[in-house]
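Peer 1: If you're matching positions, the first sequence starts at 0 in numbering that gives the first Met the number 0 and goes up one per residue. Questions regarding the structure given below will be posed in turn.
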Amino acid sequence: MPELPEVETIKSELLPHIIGRRFTGVIVYDAKPVRQPSVEEFRRKLVGQKITSLERRGKYLIFHLSSGDVLVTHLKMSGALLLNPKQTDRHARVIFHLDNGSQLVFTDRRRLGAVWLLENEQAVTGKLGPEPLTPKFTAETLAKRLQSHQAPIKAVLLDQAFLAGIGNMYADETLFAARIHPLRKANSLSPQEIRNLHKAIVDILRSAIDSKGASVDTYKRPDGQLGTAHFNFCVAHRGGKPCPVCGTAIQRLAIRNRGSCFCPNCQNP
DNA sequence: CTTGGGACCTGGCTGC
DNA sequence: TGCAGCCAGGTCCCAA
Numbered sequence: 000m001p002e003l004p005e006v007e008t009i010k011s012e013l014l015p016h017i018i019g020r021r022f023t024g025v026i027v028y029d030a031k032p033v034r035q036p037s038v039e040e041f042r043r044k045l046v047g048q049k050i051t052s053l054e055r056r057g058k059y060l061i062f063h064l065s066s067g068d069v070l071v072t073h074l075k076m077s078g079a080l081l082l083n084p085k086q087t088d089r090h091a092r093v094i095f096h097l098d099n100g101s102q103l104v105f106t107d108r109r110r111l112g113a114v115w116l117l118e119n120e121q122a123v124t125g126k127l128g129p130e131p132l133t134p135k136f137t138a139e140t141l142a143k144r145l146q147s148h149q150a151p152i153k154a155v156l157l158d159q160a161f162l163a164g165i166g167n168m169y170a171d172e173t174l175f176a177a178r179i180h181p182l183r184k185a186n187s188l189s190p191q192e193i194r195n196l197h198k199a200i201v202d203i204l205r206s207a208i209d210s211k212g213a214s215v216d217t218y219k220r221p222d223g224q225l226g227t228a229h230f231n232f233c234v235a236h237r238g239g240k241p242c243p244v245c246g247t248a249i250q251r252l253a254i255r256n257r258g259s260c261f262c263p264n265c266q267n268p
């Protein structure tokens with residue numbers, strides 16, 4: 000599942016291969032992911048445009064084009080952007096042909112992913128919360144934003160309008176690193192716990208980026224390689240297995256219909 | 001405003 | 001071995 004570290008990895012590995020390239024053709028095998036505009040307009044407007052820059056916002060990728068328009072992608076659960084894959088599988092949804100002969104393949108097994116071609120990205124990314132890996136995201140910022148939430152901290156961390164880019168696995172890892180129980184009410188955290196949580200968010204995300212993301216499910220980098228961040232996971236996707244710190248069995252429960260793994264000993268309620 | 005539940009979607013897994 | 005049904009989770013939509 001591509002979360003911030005996975006999307007950041009895709010961005011940085013795609014970047015050198017696509018900057019300055021021009022779209023020469025766009026083949027839509029599945030219209031479902033093309034959210035805006037119509038498939039016909041999507042193709043017509045895209046062909047001929049040059050990619051001038053590529054940025055990540057939360058879990059979105061934003062391709063800036065020479066026309067001023069932006070191509071925005073979200074990979075959701077099972078999406079990937081593959082560069083010149085050896086074989087195009089049956090899950091290829093859109094193929095972008097570039098002027099150097101390369102193919103950029105948007106593939107997505109579960110068909111939840113989406114692409115937009117827009118005048119600007121605000122309609123899609125406008126409601127996102129702060130970027131956790133920018134200097135503006137401080138423990139003080141976090142503390143202030145937590146005050147207005149009494150939902151479980153795990154649910155709040157998953158809210159993209161609260162903080163952009165964290166998904167289920169990194170929320171679990173972050174709370175474990177900060178020793179905070181996922182059901183704690185967000186506005187009940189002490190100043191020290193908030194400082195710990197802030198540090199955990201930054202550390203966990205940075206280290207996952209260093210490991211090129213986590214390949215627990217279908218996540219692949221543009222060249223088809225896997226990431227290794229999941230080898231460092233302490234609790235995420237480890238329900239029933241021993242806690243690496245104390246050996247207690249990792250517990251699993253549903254919060255907001257999402258599986259949450261935590262150590263009942265290290266993360267006290 | 002916040003909160004929580006259902007829907008979307010497909011393939012891997014479970015259990016009969 | 002076959003197959004129905006469950007489950008995974010990012011985000012949108014809706015109701016309270």
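A virtual CB, placed ideally from N, CA and C, is assigned to each residue, including glycine.
Taking the alpha carbon of LEU228 as the reference point, which residue from ASP216, ASP222, GLY239 has its own alpha carbon closest?
Peer 2: It should be noted that the sequence gives Ala, not Leu, for residue 228. Considering only alpha carbons, the answer is ASP216.
Peer 1: Note the first and the last residue of the continuous beta strand (DSSP E) segment covering TYR59.
Peer 2: Counting along the chain, the beta strand (DSSP E) containing TYR59 begins and ends at 59 to 64.
Peer 1: When the Cβ atoms of the region 170 to 180 are set against those of the region 190 to 207, are three or more pairs found closer than 8 angstroms?
Peer 2: Contact between the region 170 to 180 and the region 190 to 207 is present, because at least three Cβ pairs lie under 8 angstroms.
Peer 1: From which residue to which residue does the beta strand (DSSP E) around GLU54 run?
Peer 2: Start and end: 50 to 56.
Peer 1: Could you have a look at GLN102 and say whether DSSP puts it in helix, strand or coil?
Peer 2: Looking at GLN102 - three-state DSSP - the assignment turns out to be strand.
Peer 1: Exposed or buried, ILE26, counting other C-beta atoms within 10 Å across all chains shown (16 or more means buried)?
Peer 2: Classification of ILE26: exposed, given that the 10 Å Cβ count is below 16.
Peer 1: Helix, strand or coil: how does DSSP classify THR124 here?
Peer 2: It is helical.
Peer 1: Quick one, which of ALA150, GLU12, LYS240 has its alpha-carbon nearest LEU103's?
Peer 2: Comparing Cα positions, the closest option is GLU12.
Peer 1: Assuming HIS90 and ASP68 make a contact with CB atoms under 8 angstroms, what is their CB distance in whole Å?
Peer 2: Contact flag wrong, Cβ pair sits at about 26 angstroms.
Peer 1: So, using beta-carbon positions, are GLY112 and THR72 closer together than 9 angstroms?
Peer 2: A contact, by the Cβ cut-off of 9 angstroms.
Peer 1: Tell me whether LEU111 sits in a helix, a strand or coil according to DSSP, three-state version.
Peer 2: Correct three-state label for LEU111: coil.
Peer 1: Starting from THR72, trace the beta strand (DSSP E) both ways and give me its first and last residue.
Peer 2: Note, THR72: beta strand (DSSP E), 69 to 73.
Peer 1: With DSSP as the reference, please indicate the residues paired to SER259 in a beta bridge.
Peer 2: Per DSSP, LEU252.
Peer 1: Distance check for LYS49 and GLY164, CA to CA, integer angstroms please.
Peer 2: In a straight line, the C-alpha of GLY164 is about 27 angstroms away from that of LYS49.
Peer 1: Round the Cβ separation of ARG220 and ILE9 to the nearest angstrom and send it over; I've been treating them as touching at under 8 angstroms.
Peer 2: Their Cβ separation, rounded to whole angstroms, is 7 angstroms, which keeps ARG220 and ILE9 in contact under 8 angstroms.
Peer 1: Between the region 228 to 238 and the region 14 to 29, do at least 3 Cβ pairs fall closer than 8 angstroms?
Peer 2: No, because fewer than three Cβ pairs between the region 228 to 238 and the region 14 to 29 fall closer than 8 angstroms, the two stretches do not touch.
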